[in-house]
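S.K.: Residue numbers (our numbering): 37 to 284. Where is the CB? At the ideal position from N, CA and C, for every residue including glycine.
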Amino acid sequence: MRTALLFTIAVFLLSPAVAADDNAAFLFAYWPNEGQREQFDAGYRKHLDWHRKNNDPLPWYGWYVATGERTGMFVDGSFGITFEAFDNRIKPKEDAANFRETTAPYGKTAYRRILRHLPRLGTAARLEERQPSAGIEVVTFFVKPGRAGTFEACLEQLVAALGSAKDRPAFTVYRQLSGGAQPAYLVMFPREGYAYFENRAASLDALIKAHTGAETERELLALLSGSVQRTHSETWRYRTDLSRIPVE
């Protein structure tokens with residue numbers, strides 16, 4: 037088993053990653069001004085209506101951060117698209133002007149990030165399939181320099197251990213390409229409510245311990261601890277009224 041794991045690590049370290057065409061994701065986050073959250077939400081709904089009237093084919097998901105030090109931050113994003121599609125989005129100048137008019141007066145930008153979905157490292161693709169969950173536990177893994185291949189090898193081995201059963205734990209993995217610390221990965225665990233935490237854990241080490249044998253568990257936990265500097269976790273609560281999923 038150890039030989040196989042080391043071979044996998046070597047492949048990741050030596051071979052460039054190949055992404056499917058529709059694995060781009062773009063995140064935008066804002067702090068509504070104090071006392072103006074209602075105005076911010078109303079303005080953003082007007083902005084989404086601009087996208088509807090202009091037949092924007094890109095999906096736009098909206099969340100409010102519900103736990104952690106960034107509670108109250110609004111996050112929106114487009115997932116399951118190509119990088120080129122974002123370059124060629126509909127009427128970008130008019131889009132920006134409408135946002136400045138309807139939404140920007142009631143908040144300030146927190147961050148903008150570009151991600152790449154890595155399907156082989158996860159078990160679900162809810163946003164890419166346009167099936168958002170009521171909430172997401174978003175865990176960011178800040179990886180040690182030079183250890184991205186080790187981290188990805190750990191995830192790929194975990195996915196293999198989980199198999200293909202329909203009831204296997206669901207999580208989606210993205211690599212952060214721009215807009216924050218490097219290397220970093222976002223692992224999203226979809227959930228429908230806080231009861232999720234009764235018998236599940238939004239952590240990779242818990243999944244490893246629950247779904248692998250003793251030898252594989254030791255090896256994967258060693259890969260995880262050897263590649264990760266620190267983690268950050270927060271809950272995002274999905275807002276249907278602040279989202280737009282075009283009908284295909």
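Kindly indicate which three-state DSSP category Lys180 falls into: helix, strand or coil?
M.R.: To locate residue 180, count along the sequence shown from 1; it is residue 144. Three-state DSSP puts Lys180 in coil, outside helix and strand.
S.K.: Under a Cβ-count criterion, where at least 16 other Cβ atoms within 10 Å of its own Cβ denotes burial, should Tyr230 be classed as buried or exposed?
M.R.: Here residue 230 is taken as the residue at index 194 of the sequence shown, counted from 1. With fewer than 16 other Cβ atoms within 10 Å, it is exposed.
S.K.: Work out the CA separation of Leu256 and Leu194 for me, nearest whole Å.
M.R.: Translated into positions along the sequence shown, residue 194 becomes position 158. Translated into positions along the sequence shown, residue 256 becomes position 220. Approximately 8 Å between the Cα atoms of the pair.
S.K.: If you measure between the beta carbons of Pro226 and Ser169, is that distance less than 8 Å?
M.R.: Stepping through the sequence shown from its first residue, residue 226 is reached at position 190. Stepping through the sequence shown from its first residue, residue 169 is reached at position 133. It is a contact, given that the beta carbons lie within the stated cut-off.
S.K.: So what's Val283 in DSSP terms, helix, strand or just coil?
M.R.: For the purposes of this step, residue 283 is taken as the residue at position 247 of the sequence shown. In this structure, Val283 counts as coil in the three-state DSSP scheme.
S.K.: Counting C-beta neighbours from all protein chains within 10 Å, is the total for Val101 16 or more, i.e. buried, or is it exposed?
M.R.: To locate residue 101, count along the sequence shown from 1; it is residue 65. So Val101 ends up on the buried side.
S.K.: Rounding to the nearest angstrom, what Cα-Cα distance links Lys127 and Trp86 in this structure?
M.R.: Taking the sequence shown and counting its residues from 1, one reaches residue 127 at position 91. Taking the sequence shown and counting its residues from 1, one reaches residue 86 at position 50. About 11 Å.
S.K.: Rounded to whole angstroms, what's the CA-CA distance from Leu139 to Met109? Just pull it up for me.
M.R.: Position 103 of the sequence shown, counted from the first residue, corresponds to residue 139. Position 73 of the sequence shown, counted from the first residue, corresponds to residue 109. The sequence shown places Thr at residue 139, not Leu. Using only the alpha carbons, I get a separation of about 14 Å.
S.K.: Confirm the yes/no value for this check: CB of Asn90, any heavy atom of the ligand ZN, distance under 7 Å.
M.R.: The ligand ZN is not part of this structure, which contains no ligands at all.
S.K.: Could you compute how far the alpha carbon of Leu42 sits from the alpha carbon of Leu259?
M.R.: In the sequence shown, residue 42 corresponds to position 6, counting from 1. In the sequence shown, residue 259 corresponds to position 223, counting from 1. The pLDDT assigned to Leu42 is 40, lower than 50, so where the model puts this residue is not dependable, and the model offers no usable value.
S.K.: Per DSSP, Ile150 is paired with what?
M.R.: Reading the sequence shown from its first residue, position 114 is the one you call residue 150. According to DSSP, Ile150 bridges with Phe62, Ser214.
S.K.: In chain order, what residues of the same chain lie with their CB nearer than 7 Å to the CB of Asp57, ignoring the 5 residues before and after it?
M.R.: Position 21 of the sequence shown, counted from the start, is the residue given in the question as residue 57. The answer, listed in chain order, is Thr118.
S.K.: Take Arg273 and list the residues in its own chain whose beta-carbon comes closer than 7 Å to its own, dropping the five residues that flank it on each side.
M.R.: Sequence index remark: in the sequence shown, residue 273 carries index 237 (1-based). For Arg273, where only same-chain residues beyond five positions count, the Cβ hits under 7 Å are Trp99, Tyr100, Ala102, Gly171.
S.K.: In terms of alpha-carbon separation, which member of Phe62, Trp96, Asn69, Ala146 lies closest to Arg275?
M.R.: Along the sequence shown, one-based indexing puts residue 275 at 239. For Arg275, the nearest C-alpha among the options comes from Trp96.
S.K.: Straight-line CA distance for Ala133 to Leu157?
M.R.: Position 97 of the sequence shown, counted from the first residue, corresponds to residue 133. Position 121 of the sequence shown, counted from the first residue, corresponds to residue 157. So the two alpha carbons sit approximately 38 Å from each other.
S.K.: I need the straight-line Cα distance from Ala189 to Leu151, nearest angstrom please.
M.R.: The residue given as residue 189 occupies position 153 in the sequence shown. The residue given as residue 151 occupies position 115 in the sequence shown. Distance between the alpha carbons of Ala189 and Leu151 is about 19 Å.
S.K.: Suppose contacts are defined by Cβ-Cβ distances below 8 Å. Is Arg125 in contact with Leu94 by that definition?
M.R.: Here residue 125 refers to the residue found at position 89 when the sequence shown is read from its first residue. Here residue 94 refers to the residue found at position 58 when the sequence shown is read from its first residue. In this structure, Leu94 lies closer than 8 Å to Arg125 by Cβ.
S.K.: Taking C-beta to C-beta, are Phe207 and Ser263 nearer than 8 Å?
M.R.: By one-based count along the sequence shown, residue 207 stands at place 171. By one-based count along the sequence shown, residue 263 stands at place 227. In this structure, Ser263 does not lie closer than 8 Å to Phe207 by Cβ.
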